[in-house]
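See below for the structure under consideration.
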Amino acid sequence: VCNKAFSQAANLTAHNRIHTKEKPFPCPICQRRFSQSSSVTTHLRTHTKERPYNCHHCSKSFSDSSTLTKHMRIHSGEKPYRFVFRFFSIRFMSDVFAKFFTIRKSKSSYENSFLMSAKNKFECLRIF
34 VCNKAFSQAA NLTAHNRIHT KEKPFPCPIC QRRFSQSSSV TTHLRTHTKE RPYNCHHCSK
94 SFSDSSTLTK HMRIHSGEKP YRFVFRFFSI RFMSDVFAKF FTIRKSKSSY ENSFLMSAKN
154 KFECLRIF
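Going by this note's numbering, the first residue of the sequence shown is number 34, and it counts up by one from there.
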């Protein structure tokens with residue numbers, strides 16, 4: 034059972050498309066299909082070359098906000114995952130990474146969320 038939980042029914046519907054492989058949203062230019070309409074919007078920028086997300090530190094621009102966010106770490110020096118190596122032994126980390134990569138082989142990274150909230154009311158009960 035998947036057991037992912039969501040606070041809104043629409044998010045559960047979108048999540049279920051991972052299991053069903055349903056992609057109801059086609060690109061009007063190349064007909065590539067997507068599971069979420071927002072993905073079509075982002076994808077369309079590959080055709081139009083639109084890059085609306087600009088770095089305020091340099092002249093680079095990006096087609097989606099998440100790529101800009103990752104890019105900004107170059108300027109800020111932020112390394113969000115580096116702390117892990119400072120607090121745990123090499124042997125412990127080897128075990129953690131071995132388990133992580135074993136999980137990733139069987140599920141997509143989107144499905145491997147360890148953060149749950151008590152307010153999530155909509156639960157995915159999909160059996161693999």
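Don't be surprised by glycine CBs; every beta carbon is placed ideally from N, CA and C.
Quick check: the Cα distance between residue i and residue j, rounded to an integer number of angstroms?
i	j	result
Asn-36	Asp-97	30 Å
Lys-54	His-80	24 Å
Gln-64	Lys-82	17 Å
Asn-87	Gln-41	32 Å
Arg-66	His-89	33 Å
Use the C-beta contact count for residue i: other C-beta atoms within 10 angstroms, 16 or more gives buried, fewer gives exposed.
i	result
His-48	buried
Ala-131	Any answer about Ala-131 is weak, because its pLDDT of 49 lies below 50 and its placement is not dependable; what the coordinates show is given next. Exposed is the call here.
Phe-121	Low per-residue confidence applies at Phe-121: pLDDT is 46, beneath 50, and the placement is therefore not dependable, though the value from the model is reported in the following sentence. With fewer than 16 other Cβ atoms within 10 Å, it is exposed.
Tell me where the alpha helix (DSSP H) around residue i begins and ends.
i	result
His-89	Per DSSP, His-89 belongs to no alpha helix (DSSP H) and is neither H nor E.
Ile-51	42-53
Determine the contact status of residue i and residue j, defining contact as a CB-CB distance below 9 Å.
i	j	result
Ala-38	Cys-157	yes
Leu-77	Pro-61	yes
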